[in-house]
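Asker:
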Ligand code: PGA
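Residue numbers (my numbering): 634 to 893.
1. For my contact list, residue 763 and residue 779 are in at a C-beta cut-off of 8 angstroms; report their separation, rounded to the angstrom.
2. In its own chain, which residues sit with a C-beta less than 6 angstroms from the C-beta of residue 840, not counting the 5 before and 5 after it?
3. Might you give, ordered along the chain, the residues of its own chain that have their beta carbon closer than 7 angstroms to the beta carbon of residue 929, omitting 5 neighbours on each side?
4. Can you tell me the Cα-Cα spacing of residue 801 and residue 699, whole angstroms?
5. On the criterion of 16 or more Cβ atoms from any shown chain inside 10 Å, does residue 815 qualify as buried, or is it exposed?
6. How big is the Cα-Cα spacing for residue 835 and residue 884?
7. Quick one: residues in its chain with C-beta nearer than 7 angstroms to the C-beta of residue 649, no 5 flanking neighbours on either side, listed in chain order?
8. Counting along the chain, where does the beta strand (DSSP E) carrying residue 795 start and finish?
9. For residue 813, which residues of its own chain have a beta-carbon under 7 angstroms away from its beta-carbon, when the five flanking residues on both sides are left out?
10. Any idea what DSSP makes of residue 667, helix, strand or coil?
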């Protein structure tokens with residue numbers, strides 16, 4: 634599968650932002666403004682309480698929903714947790730291993746791997762976030778860190794499971810800082826990630842969708858989308874502004890043809 638054949642994926646991670654009213658307004662504005670494009674999948678990833686009301690609001694639109702995380706457990710006495718099983722009827726995707734979860738909530742590679750498995754078990758498509766911190770980058774350890782994160786979560790997947798996984802390369806130092814990676818740096822890591830998958834999973838690796846995340850805006854998105862191994866974006870801050878977010882969706886169309 635060539636870059637041109639993989640379907641674009643633009644996912645807006647709202648993090649812990651929006652009141653109920655703001656969430657409904659934002660979803661409606663995005664639905665109104667974003668073009669519905671056959672080769673682009675658009676996903677909104679709101680806080681948990683807004684998922685069910687947004688399913689209602691977005692009925693009839695091509696925009697789907699995702700969860701920001703899920704529990705590593707199936708169900709049971711785990712106060713405060715939300716399971717993959719609970720969100721699966723309402724969501725197509727779920728983020729696992731976002732750096733904010735790893736960094737602020739102590740999620741280890743093992744926990745992330747367990748979340749990925751439980752998400753797959755309940756039919757969700759996990760968006761696995763990988764990426765290095767600034768110190769790791771400065772120490773030249775980027776690929777070492779990304780490989781550790783990939784190996785732990787993905788090494789033992791079956792081919793059928795691997796087909797449902799999306800990878801988001803998100804350098805930690807680029808998230809929420811207004812300082813994105815350069816498209817060529819992001820492309821080299823994305824290319825390396827694809828090679829890692831092709832080595833283990835053959836052609837499924839060629840079909841794998843790899844997103845870039847970290848200070849993506851409507852202005853800088855076209856640069857990332859020209860990169861042959863980047864198939865979309867995981868957008869934080871800019872996903873809270875309908876014009877910005879839809880600009881990123883439209884930016885996919887500015888790319889005429891991507892080479893392998
Ligand atoms: P940002 O967040 O776009 O605000 O940098 C990206 C993310 O956390 O996925």
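For glycine and all other residues, C-beta sits at the position ideal for the given N, C-alpha and C.
Answerer: Answer, in terms of the structure:
1. The sequence position of residue 763 within the chain shown is 130, counting from 1. The sequence position of residue 779 within the chain shown is 146, counting from 1. About 5 angstroms; that satisfies the 8 angstroms criterion.
2. Position 207 of the chain shown, counted from the first residue, corresponds to residue 840. Here the set comprises 634.
3. Residue coverage of the chain in this structure runs from 634 to 893, which leaves residue 929 outside it and unanswerable.
4. By one-based count along the chain shown, residue 801 stands at place 168. By one-based count along the chain shown, residue 699 stands at place 66. So the alpha carbons of these two residues sit roughly 14 angstroms apart.
5. The sequence position of residue 815 within the chain shown is 182, counting from 1. Classification for residue 815: exposed.
6. Sequence index remark: in the chain shown, residue 835 carries index 202 (1-based). Sequence index remark: in the chain shown, residue 884 carries index 251 (1-based). Their backbone Cα atoms lie some 30 angstroms apart in a straight line.
7. In the chain shown, the residue the question calls residue 649 occupies position 16. Here the set comprises 680.
8. Counting from 1 along the chain shown, the entry for residue 795 is found at position 162. Careful: residue 795 lies outside any beta strand (DSSP E), inside the alpha helix (DSSP H) at 792-795.
9. Position 180 of the chain shown, counted from the first residue, corresponds to residue 813. Cβ neighbours of residue 813 beyond the five flanking positions: 807, 847, 848, 849, 853.
10. To locate residue 667, count along the chain shown from 1; it is residue 34. Looking at residue 667 - three-state DSSP - the assignment turns out to be coil, as it is neither helix nor strand.
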